[in-house]
């Protein structure tokens, strides 16, 4: 018999007992749904968790803190060692000006506008783009800006609004931008930072000391993003080499001896990994270098993923139990078919039909039942997934009224590989369930089968 003859025979045999076939297929459909849908719920939980973490911060970022560590120095040599760890894309120290006094930035004629620049950060300029910082106006800071005659910096997108007019009294000395509703058009600041000459002044606390002043040029305005850093909204960033230089000049001008703890290097370093799959290994390697005080989103992600996996296992176990019941149903159907078709099996043997072909008939019939149940189960699973997501989106829409817009979560996600897996699994269950009935059919005696009424 050809393959087409075998398939035709099997389909005719199944169609002769429509009700029994339909009921058996329904069992497989239920089993497939109870496997595909629960796993789709777990996949949706994992994806939603990841989106939520992405809103909180960069999943590939590790922050290394070295506060109070007097044993291991987080200096340039240590940072070079971190950069050499496989999976690290970029690492930059974070530095703040350390002065005994105040720092101010002036703008306008006769330094009319001033900002107490408490949030000026030094970072590696070439690391900014790799860390996800972007410019809303102007351009990004680069290493070429280091050492220029004017200190070159980038402003946060609200920094210009923090300047106050020294010729006016509060509250008229500030631009009122905080009362503008979200999405509304902001008023213009006192000046355009990209087109204005600025002065950066370090004011020592002692009256006998002289302040240090530097000409300042703003090359770009950050696109504000709290996930990247507070400085992208209400601060300024300069190349860390420039900050080191003016820090030394300030200490020299004021005869300040360097603190012993300061000699231990930086207190904070940002490490960007190539992908989030590298984060755990890179973080462990940083610990091995002696810097154990680290933070990344990997801890939260692993915890959430473990919870999602446990949920999947519980729901998948339920689906497995249902599929076992379906397998028993298929085996019962095929075994009953063998008993009912004993005479037919005997005739096939007398006519010279090979035992392998007889076995194949029953295996194919069982496989077809599993295949049809898998196809229908996948289809119903997709429909169920759509309904769950529709209900979920409606509930979310109601819950978000009057709240800031958040990412849209899905209750169920069925990727193509899951649908294929459900179909293949259902078909295999069918074939395996048909092994014993097929073996029973082969063992039937031809003479006794022909005598059977």
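Residue numbers (the numbering used here): 0 to 452. C-beta atoms are modelled at their ideal positions from N, C-alpha and C, and glycine is treated no differently.
Status (buried if at least 16 other CB within 10 Å, exposed otherwise) for residue i
i           : result
residue 22  : exposed
residue 147 : exposed
residue 14  : exposed
residue 401 : Its pLDDT being 45, under 50, residue 401 is placed unreliably by the model, and the measurement read from it follows with that caveat. By the 10 Å Cβ count, residue 401 comes out exposed.
residue 230 : buried
residue 169 : exposed
residue 328 : buried
residue 403 : Legend: pLDDT at residue 403 = 44, less than 50; position of this residue unreliable, no value from coordinates given.
residue 151 : buried
residue 167 : exposed
residue 256 : exposed
residue 274 : exposed
residue 298 : exposed
Residue j beta carbon less than 8 Å from that of residue i
i           : j           : result
residue 268 : residue 78  : yes
residue 246 : residue 97  : yes
residue 425 : residue 383 : no
residue 93  : residue 285 : no
residue 41  : residue 215 : no
residue 65  : residue 264 : yes
residue 156 : residue 232 : yes
residue 271 : residue 50  : no
residue 366 : residue 429 : yes
residue 31  : residue 380 : yes
residue 368 : residue 20  : yes
residue 134 : residue 222 : yes
residue 355 : residue 26  : no
Which residues DSSP lists as bridging residue i, in chain order
i           : result
residue 373 : None; residue 373 has no bridge partner.
residue 93  : 267
residue 476 : In the structure as shown, the chain starts at 0 and stops at 452, and residue 476 therefore has no counterpart that could be examined.
residue 220 : 136 and 154
residue 105 : 113 and 198
residue 47  : Residue 47 is not bridged to any residue.
residue 164 : 112
residue 294 : 62
residue 122 : 238
residue 100 : 203
residue 272 : 87
residue 73  : 264
Nearest-angstrom Cβ-Cβ length linking residue i and residue j, presumed shorter than 8 Å
i           : j           : result
residue 377 : residue 226 : About 38 Å; that fails the 8 Å criterion.
residue 140 : residue 219 : 7 Å
residue 203 : residue 253 : 5 Å
residue 9   : residue 413 : Contact doesn't hold; Cβ gap of about 29 Å is too wide.
residue 162 : residue 217 : Not quite, the Cβ-Cβ distance comes to about 12 Å (not below 8 Å), so this is no contact.
residue 34  : residue 322 : 6 Å
residue 212 : residue 44  : The pair is not a contact, with the Cβ atoms about 56 Å apart (cut-off 8 Å).
Check: residue i C-beta below 7 Å from any heavy atom of the ligand SAH
i           : result
residue 275 : This structure simply doesn't include the ligand SAH, nor any ligand for that matter.
Quick test of the definition: if touching needs 3 or more C-beta pairs under 8 Å, does the region 303-317 touch the region 114-130? Contact between the region 303-317 and the region 114-130 is absent: fewer than 3 CB-CB pairs across the two stretches fall below 8 Å.
Flag this pair as touching only if the region 73-92 and the region 270-287 have three or more C-beta atom pairs under 8 Å; answer yes or no. Touching, yes.
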